[in-house]
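All residue numbers for the sequence shown refer to my numbering, where the first residue is 88 and numbers rise by one. The block underneath contains the structure these notes are about, expressed in structure tokens.
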Amino acid sequence: ALYDLREEYAKQVNVAPFRIVNNRSLLQVISEMPRTVGELQLYGFQTAFLKKEANQILDALHKSEPIYDLPKLNIRNKADRDPEVEKRFYKLKEWREKMVSKRKFEPTLILSSRILKTIAKENPTSLNELEALRLMSKWKLAEYGPELLKVI
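Right under this line is the structure:
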């Protein structure tokens, strides 16, 4: 119920749900079951959301059973990251920023960060290898592929 409240409010105000309250805080609220608006304020809820929905949040919490054994969030430790992949990713992002300036497009219209991360991780060495990743259209592959390979 709390998740649904957050999602619905996020749609109403046209913001990402994590900007209302992040998932970690949401899980904490569910496990710790705060009983007052003052206690809710400790969890990082967006002020406007809390003002509007505090009573509904508390009602939803009172009606639910507490959860004691929450699953661990899969948060990657910075030490687990491959420095070479990170380096390639940041080079690709720099290339994308140059393309944004040149073409006057939004960054994700060129290539999304998810695509850039995959390219950095897979580290293709030819257009055929890049194409085999199936990350972009043939036009983008022809237009950006050779430059991407130079960058990495």
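C-beta atoms are modelled at their ideal positions from N, C-alpha and C, and glycine is treated no differently. Predicted, not measured: the structure shown is a model, and the values here were computed from it.
Practice task
Pick helix, strand or coil for Ile239, following the three-state DSSP scheme.
Solution key: When DSSP states are grouped into helix, strand and coil, Ile239 belongs to the coil group.
Practice task
Compute the beta-carbon to beta-carbon distance between Asn215 and Ile239, rounded to the nearest angstrom, for a pair I have assumed lies under 8 angstroms.
Solution key: The Cβ separation is near 15 angstroms, so there is no contact.
Exercise for the section: State whether the region 199 to 209 contacts the region 174 to 183, with contact taken as three or more CB pairs (one from each stretch) at a distance under 8 angstroms. Expected result: The region 199 to 209, when compared against the region 174 to 183, does touch it at the 8 angstroms Cβ threshold.
Problem - Closest residue to Pro121 among Pro104, Asp91, Gln143, Val100 (Cα-Cα distance) - result: Among Pro104, Asp91, Gln143, Val100, the Cα nearest to that of Pro121 belongs to Gln143.
Handout entry: Given Glu181 as reference, the closest of Asn110, Pro170, Ile197 once Cα atoms are compared
Key = It is Ile197 whose Cα lies nearest to the Cα of Glu181.
Exercise for the section: Look at the alpha carbon of Leu217 and the alpha carbon of Ser224, and state the distance between them as a whole number of angstroms. Expected result: Leu217 and Ser224 have their alpha carbons spaced roughly 11 angstroms apart.
Problem - Element boundaries [alpha helix (DSSP H), containing Lys191] - result: Counting along the chain, Lys191 sits inside no alpha helix (DSSP H), nor does DSSP assign it H or E at all.
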